[in-house]
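Report on one structure; see the data block that follows.
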Amino acid sequence: MDACSSSETTVFERQIADPIGMMEELEEKMVSVLELMVPLRNRLDELQKERDCAVKEAGELRKKIAEESSSSKKPQLFTDFSFSEIEAATGNFDPSMNIGEWGYGTLYRGFLRHTQVAIKMFQPQDSQDHSDFQQEMDVVSKLRHPNLIALIGACPEAWSLVYEYLPNGSLEDRLNCRDNTPPLSWQTRIRIATEICSALIFLHSHKPHRIVHGDLKPDNILLDANFVSKLSDFGIFRLILYVENAAGGSSTASSRTDPKRTFMYLDPEFLETGELTPMSDVYSFGLVLLRLLTGKPASSGIVKDVQHALDNGNLEGVLDESAGDCPFIQAKQLAGLALRCCERSQSNRPDLRQEVWRVLEPMTASCGGSSSFRLGAEERRQPPSYFVCPIFQVSSSVEPCSASCSLVALIVIV
Numbered sequence: 001m002d003a004c005s006s007s008e009t010t011v012f013e014r015q016i017a018d019p020i021g022m023m024e025e026l027e028e029k030m031v032s033v034l035e036l037m038v039p040l041r042n043r044l045d046e047l048q049k050e051r052d053c054a055v056k057e058a059g060e061l062r063k064k065i066a067e068e069s070s071s072s073k074k075p076q077l078f079t080d081f082s083f084s085e086i087e088a089a090t091g092n093f094d095p096s097m098n099i100g101e102w103g104y105g106t107l108y109r110g111f112l113r114h115t116q117v118a119i120k121m122f123q124p125q126d127s128q129d130h131s132d133f134q135q136e137m138d139v140v141s142k143l144r145h146p147n148l149i150a151l152i153g154a155c156p157e158a159w160s161l162v163y164e165y166l167p168n169g170s171l172e173d174r175l176n177c178r179d180n181t182p183p184l185s186w187q188t189r190i191r192i193a194t195e196i197c198s199a200l201i202f203l204h205s206h207k208p209h210r211i212v213h214g215d216l217k218p219d220n221i222l223l224d225a226n227f228v229s230k231l232s233d234f235g236i237f238r239l240i241l242y243v244e245n246a247a248g249g250s251s252t253a254s255s256r257t258d259p260k261r262t263f264m265y266l267d268p269e270f271l272e273t274g275e276l277t278p279m280s281d282v283y284s285f286g287l288v289l290l291r292l293l294t295g296k297p298a299s300s301g302i303v304k305d306v307q308h309a310l311d312n313g314n315l316e317g318v319l320d321e322s323a324g325d326c327p328f329i330q331a332k333q334l335a336g337l338a339l340r341c342c343e344r345s346q347s348n349r350p351d352l353r354q355e356v357w358r359v360l361e362p363m364t365a366s367c368g369g370s371s372s373f374r375l376g377a378e379e380r381r382q383p384p385s386y387f388v389c390p391i392f393q394v395s396s397s398v399e400p401c402s403a404s405c406s407l408v409a410l411i412v413i414v
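Counted from 1, the sequence shown has number 95 at position 95 by UniProt numbering; the numbering is strictly sequential.
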């Protein structure tokens, strides 16, 4: 047996001879190992907690990025047009294609990709104008409602926004029977009022910020080939982001003033305080209702006339006879509702969703199902041009009514 084997045997024999000492030594080593494991276990727990938090934060971040990406994407119906397309559509900006001026630019009509359109040209003067153009393009292109204007596309290079051309012009022109067009029937007027109420409810409920139109009037209510109304011109100069203060519930509004704004339809409380709220639109909507009922412009003391007629039981005397026979009960109900909307104090005006809509919607339903629903020669139903193959489209001989009737809308409900 060599020396190494002899040494190992001696150690082994000593351990066998002292089993208690061997156990104690093993216990000491186990205690040492356990003492080392305690901080390692604590550190492992900490790392697992950090991992769980990181996974949660990463998930929230991915969700946020996806939401922002989704909200920032252009709608499927939004098209980028080139400058050459805009130039060709307007005949190199031919004056004969000019259909009007707006506060900060020019409106043209033309054909883009076999579709008749209205092209809103901006005339930028400063960096604010560029910001306004971008805001209108970003905001309006994302709004989707059957009675709101929507962009077909844009050409940033030409500072232009492209809307669908609406052949039946503005509500103002139709109420004035411009170009000898037939008057709108009562049923059509009630339906238009209901559609605009729906559009305003949608804007006022928009997330994350409510949108106040700020310039509601018959000139900004456009009619398509089927006389479906489209609320327009709530872009950069009247688009108000209604920001609620989380602490006090107050609101602030920022808006540039359009030099062509019609002040007779504006909320008097807004003119006094400068604070534009959804109730400001309710006031304007009340005047539009009275305009539909009487056929008279808002500047003619229409509120006092209707109130006086109601007080004296002579409402028939102020109703628009050209619209045909209107059920007296409905007319009286609408007149009272319109006057409430026109209350000077915002706190006295009705809520659109809870009160106004509940009156208008049943009326429209009854009109739609009635055999007395009549359409004039110009009101016969036909599919909008953008649903018809260009090969089968026939150019219309009807010229645009005015600048206001040519700022147009293509809209799809979400």
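Glycine residues also receive a C-beta, built at the ideal position from the N, C-alpha and C atoms.
Bear in mind the structure is a predicted one, so any value in this text is a computation, not a measurement.
- DSSP places N312 in the coil class of the three-state scheme, outside both helix and strand.
- The C-alpha of E50 is placed about 54 Å away from the C-alpha of K120.
- Contact check for R340 and E269: beta-carbon distance about 15 Å, past the 8 Å limit, so the pair fails to qualify.
- The Cβ-Cβ distance between A225 and P167 falls below 8 Å.
- Beta-bridge analysis with DSSP links G153 to T79, V162.
- The DSSP-derived three-state label of S205 is coil.
- Contact between L151 and Y163 is confirmed by a C-beta separation of about 6 Å, below the 8 Å threshold.
- Here the C-alpha atom of S198 lies approximately 35 Å from the C-alpha atom of E85.
- Exposed is the label assigned to F83, since fewer than 16 other Cβ atoms lie within 10 Å of its Cβ.
- In the structure shown, the three-state DSSP call for F93 is coil.
- In this structure the region 206–221 touches the region 274–281; the number of beta carbon pairs closer than 8 Å is three or more.
- For L271, the enclosing alpha helix (DSSP H) starts and ends at 268–273.
- Within the model, the alpha-carbon separation for L334 versus G274 is close to 29 Å.
- Here the alpha carbons of Q187 and D305 stand approximately 23 Å from one another.
- The three-state secondary structure of T115, taken from DSSP, is strand.
- Between G336 and S299, the alpha-carbon positions lie close to 19 Å from each other.
- A Cβ-Cβ separation of about 11 Å leaves I149 out of contact with V139 under the 8 Å criterion.
- Annotation for Q346: E269, M279 place their beta carbon closer than 6 Å to its own, counting only its chain and skipping 5 residues before and after.
- By the neighbour-count definition (other C-beta atoms within 10 Å, threshold 16), F133 is a buried residue.
- Going by beta carbons, L231 and I196 fall inside the 8 Å limit.
- Using a 10 angstroms sphere on the CB of F227, the tally of other CB atoms reaches 16 or more, which defines it as buried.
- Taken through DSSP and simplified to helix, strand or coil, S232 comes out as coil.
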